[in-house]
Amino acid sequence: MLAAPIAVAHGPTRQKVTETIEIDAPAAKVWDTIKEFSALDAWHPAVASSEATAGNAPGSVRTLHLGGGGTIVESLKKYDGGAMSYSYRMEDAGPVPVTNYTSTISVAGKGDGSVVTWKGAFYRGDPNNNPPPERNDEAAIEAITGIYRAGLGNLKKLVEGR
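All residue numbers for the sequence shown refer to our numbering, where the first residue is 473 and numbers rise by one.
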């Protein structure tokens, strides 16, 4: 009996990053700071300016102009002001070494304060089996983790007034 050859395909694995931060302020106050899809520049230190085509309506496209150069384009997929959450997709990652990136940011009350959770799923910037170091899984995870931590850390400072 002959065995049929087995083909094994290997490609990139979808990566996930979740960062949370506790903020000493009511959830409504934190949400008020981040709720505008068009205004990431109001609280994220890496974004010099941003604008969106349709505000907080799903389908709105925001363009982020980065302080260090480069542009990122994202589209709003879901917005729920009551749940203090929105989800979006990166359409053009610009200098960020990822592809097929989707993300959700949300605010929840915790006692007298709040917790902000920012989570994303993505593939590395280069789908080939041996990507260059600047576009591999580690580079993608490091970039997204850095984006989340910088934004959440600055958000905490802004809202807490410290």
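Note that the Cβ used here is the ideal one computed from N, Cα and C, for glycine as well.
Residue from the options whose Cα sits closest to the Cα of residue i
i, options, result
"A565", "E494, I495, F594, S510", "F594"
"E606", "T525, V502, P567, F509", "P567"
"M556", "L538, V587, G539", "V587"
"S654", "P603, A511, Y620, P484", "With the chain covering 473 to 634 only, the question about residue 654 has no answer from this structure."
"L538", "D552, A511, Y560", "A511"
"E578", "K488, Q487, R486, E494", "Reading off the sequence, residue 578 comes out as Ser, not Glu. Answer by Cα proximity: E494."
"G542", "P604, S522, E614", "S522"
Residues near residue i in its chain [Cβ-Cβ closer than 7 Å; skip 5 each side]
i, result
"K501", "V631"
"K550", "P530, Y558, S559"
"L624", "E491, I493, V588, W590"
Neighbour flag for residue i against chain B, beta carbons, 8 Å
i, result
"S510", "Protein chain content of the structure displayed is limited to a single chain, and chain B is not contained in it."
8 Å contact criterion, which residue i and residue j should meet: CB distance rounded
i, j, result
"G531", "F509", "Not a contact, Cβ separation roughly 11 Å."
"L627", "W515", "5 Å"
"G553", "K507", "7 Å"
Contacting residues, own chain, Cβ-Cβ under 6 Å from residue i (five flanking each side not counted)
i, result
"V480", "In this predicted model, V480 has a pLDDT of only 49, less than 50, meaning its place in the structure is not dependable; the value taken from the coordinates is given anyway. Once the five neighbours on either side are set aside, V480 has no close Cβ partner at all."
"M562", "E546, Y573"
"I544", "L536, G566"
"G540", "none"
"L548", "F509, P530, S532, Y560"
Beta carbon of residue i nearer than 8 Å to that of residue j
i, j, result
"D513", "A524", "no"
"T589", "T492", "yes"
"D609", "R596", "yes"
"A518", "P569", "no"
"G581", "A499", "yes"
"G633", "V489", "no"
Chain-order list of residues whose beta-carbon lies under 8 Å from that of residue i (same chain, five-residue window excluded)
i, result
"G483", "P599, N601"
"T505", "A514, W515, L627, L630, V631"
"T571", "A565, F594, Y595, R596, G597, P599"
"I613", "Q487, V489"
heavy atom of the ligand ATP below 7 Å from residue i C-beta
i, result
"A514", "The ligand ATP is absent from the structure shown, which contains no ligand whatsoever."
Mind listing, in chain order, the continuous alpha helix (DSSP H) runs of no fewer than 4 residues lying wholly within the stretch 571–605?
DSSP runs (the alpha helix (DSSP H)) wholly in the stretch 571–605: none.
- Of all the beta strand (DSSP E) runs that stay within the bounds of the stretch 499–554, which reach a length of 3 or more residues? Listed in chain order, the beta strand (DSSP E) elements of length 3 or more contained wholly in the stretch 499–554 are 519–524, 533–538, 543–552.
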